[in-house]
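Before any comments, here is the structure.
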Amino acid sequence: MKLSNLLVASTVIMGTYAGSPSIWFTSDKNFDGKIVKQLQKWNVAGDKVEGYYYGTQFFFSGTNEVGYYGPQPRKEGTTNHLTFSVFGYGPYSDHPNCYKSADGGPGVSCAVDFPWEYGKNYTTEVTRTAQNDDGSNRWTGTLVDGETGEKLVTIGEYWTPKNYSLLQTGGNTFDELYAIDHYRDSCMPVSSYVGFYPVQSQEDGTSFTPTLDAWDNLDLRVDACARAANESNQQGWNIPGGFVYVNGLLNLNYEGKI
Ligand SMILES: *[C@@H]1O[C@H](CO)[C@@H](O)[C@H](O)[C@H]1NC(C)=O
Ligand SMILES: *[C@@H]1O[C@H](CO)[C@@H](O)[C@H](O)[C@H]1NC(C)=O
Ligand SMILES: *[C@@H]1O[C@H](CO)[C@@H](O)[C@H](O)[C@H]1NC(C)=O
């Protein structure tokens, strides 16, 4: 993950990353550096499998630093997972769900096992919840019930120093099969993610939704099914108000026959 994070961070500048399917959101640049809250509503459908990370990235304005959050499904009989991270030198945390380092490099990673349910709407929020005179900011990652708005669990909490500033508009959501090595010679598990466009808020409470989007990496052929079909087994398309990732669509035709 580490490498992909750093590369994703620089995608904004260089556009060279090739790793996981991703959908990019852009928004009014006038609000860059003024965002104190970003949230995304999501829904992971029925298939109880392990190996995917549906991560939504946010960018610290004027830097190459990023953070991200999102759900990781788990197998039947185990508890689902949520993460919330930040990269680079300077962030720190004393929250019990967090530890120093992110994907083997500098940063802070927070995670919690939580029984979020398949097929139900949730919202993950990252919010600036405190600030200090020295310009540092505290960011809290929270899982909220997508229908009632009830706060369900704090995923983690960390501080960034002044030079991280506030958040940029836009961001992206990626569909990462982090367990790809298990599936090079077989078909990736069936799993899908519905993401609604993120909502971003400024300090004065005004909020807006970035809707301009661009897809990246929808033509990867990483598992045996994709190679047999010569077509990606990780697909994504737009729906009203958001987008969907569907993994393993080709399995029906190819699994067990290749
Ligand atoms: C912030 O400052 C620290 C300490 O000087 C430095 O290590 C880090 O790279 C800086 N980060 C950013 C995003 O400017
Ligand atoms: C999830 O939210 C979407 C968008 O608001 C809504 O259309 C859908 O019915 C909700 N699904 C469930 C299972 O509540
Ligand atoms: C696989 O698909 C690509 C285009 O997506 C095409 O250029 C290539 O020729 C195809 N390969 C085979 C073996 O059909």
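Numbering (mature numbering (1 follows the signal peptide of the UniProt record, and there is no 0)), first residue to last: -18 to -1, 1 to 240.
Even for Gly, the Cβ is constructed at its ideal location relative to N, Cα and C.
In this text, all values refer to a predicted model and were calculated from it rather than measured experimentally.
Residue i versus residue j - alpha carbon distance
i	j	result
Asn145	Asp29	42 angstroms
Glu213	Cys169	13 angstroms
Val90	Glu158	20 angstroms
Gly152	Val18	13 angstroms
Thr106	Tyr51	7 angstroms
Gln22	Tyr179	6 angstroms
Phe7	Asp201	19 angstroms
Lys133	Trp24	15 angstroms
Trp121	Tyr227	28 angstroms
residue 263	Phe13	In this structure the chain extends from -18 to 240, so residue 263 is not present and cannot be described.
Tyr104	Gly187	21 angstroms
Ile(-6)	Val135	Caution applies to Ile(-6), whose pLDDT of 34 falls short of 50 and renders its modelled position unreliable; the value that the coordinates give is listed next. If I take the Cα positions, the gap works out to 34 angstroms.
His164	Asp76	35 angstroms
Lys(-17)	Gly59	The predicted model places Lys(-17) with a pLDDT of 31, which falls under 50 and marks its position as unreliable, so this point remains unresolved.
Leu125	Val48	19 angstroms
Asp85	Leu64	15 angstroms
Ile240	Arg203	15 angstroms
Proximity of residue i and residue j at Cβ, strictly below 8 angstroms
i	j	result
Asn154	Gln39	yes
Gly87	Phe66	no
Gln182	Val108	no
Arg166	Asp205	yes
Leu232	Ala208	yes
Gln184	Lys16	yes
Contact set for residue i: own chain, Cβ-Cβ below 8 angstroms, skip 5 residues either direction
i	result
Ile221	Val176
Thr61	Asp95, Phe96 and Pro97
Gly218	Pro3, Ile5, Asp157, Trp197, Leu200, Phe225, Val226, Tyr227 and Val228
Tyr236	Cys169, Ala206, Cys207, Ala210 and Ala211
Residue span of the beta strand (DSSP E) that contains residue i, given as start and end
i	result
Leu134	Lys133 to Thr142
Arg110	Tyr104 to Gln113
Arg120	Asn119 to Asp127
Ala196	Leu194 to Asp198
Val181	Val181 to Gln184
Asp157	Gly153 to Leu159
Leu21	Ile17 to Val26
Val228	Gly224 to Asn229
residue 258	No answer is possible for residue 258: the residues shown for the chain start at -18 and end at 240.
Leu64	His63 to Phe69
Where the alpha helix (DSSP H) containing residue i begins and where it ends
i	result
Asn79	No alpha helix (DSSP H) contains Asn79, which DSSP labels as neither H nor E.
Cys169	Counting along the chain, Cys169 falls outside any alpha helix (DSSP H), and DSSP gives it neither H nor E.
Tyr236	Asn233 to Tyr236
Ala93	Not the alpha helix (DSSP H): Ala93 falls in the beta strand (DSSP E), residues Gly87 to Asp95.
Arg209	Ala206 to Ala211
Residues of its chain near residue i, where Cβ-Cβ distance is below 7 angstroms and the 5 sequence neighbours each way are ignored
i	result
Lys57	Lys30, Val31 and Glu32
Gly230	Cys169, Met170, Pro171, Val172, Ser173 and Asn215
Glu129	Asn103
Whole-angstrom C-beta distance between residue j and residue i, which should lie under 8 angstroms
i	j	result
Ser147	Gly44	6 angstroms
Pro143	Gly72	4 angstroms
Gly117	Ile137	Rounded, the Cβ-Cβ distance is 24 angstroms, inconsistent with contact.
Trp141	Tyr74	6 angstroms
Phe42	Leu149	6 angstroms
Tyr100	Val26	6 angstroms
Cβ-based neighbour list, residue i, same chain, cut-off 6 angstroms, excluding 5 preceding and 5 following
i	result
residue 245	This structure gives no information on residue 245, because the portion of the chain shown stretches from -18 to 240.
Leu194	Thr8
Asn119	Arg110, Gln113 and Thr142
Cys92	Phe66, Asn79, Cys80, Ile137 and Gly138
Tyr160	Tyr35
residue 264	Absent from the structure is residue 264, since the part of the chain shown begins at -18 and ends at 240.
Residue i beta carbon near ligand 5 (any heavy atom closer than 7 angstroms)
i	result
Asn220	Absence of ligand 5 from the depicted structure is noted, with ligand 1, ligand 2 and ligand 3 being the only ligands included.
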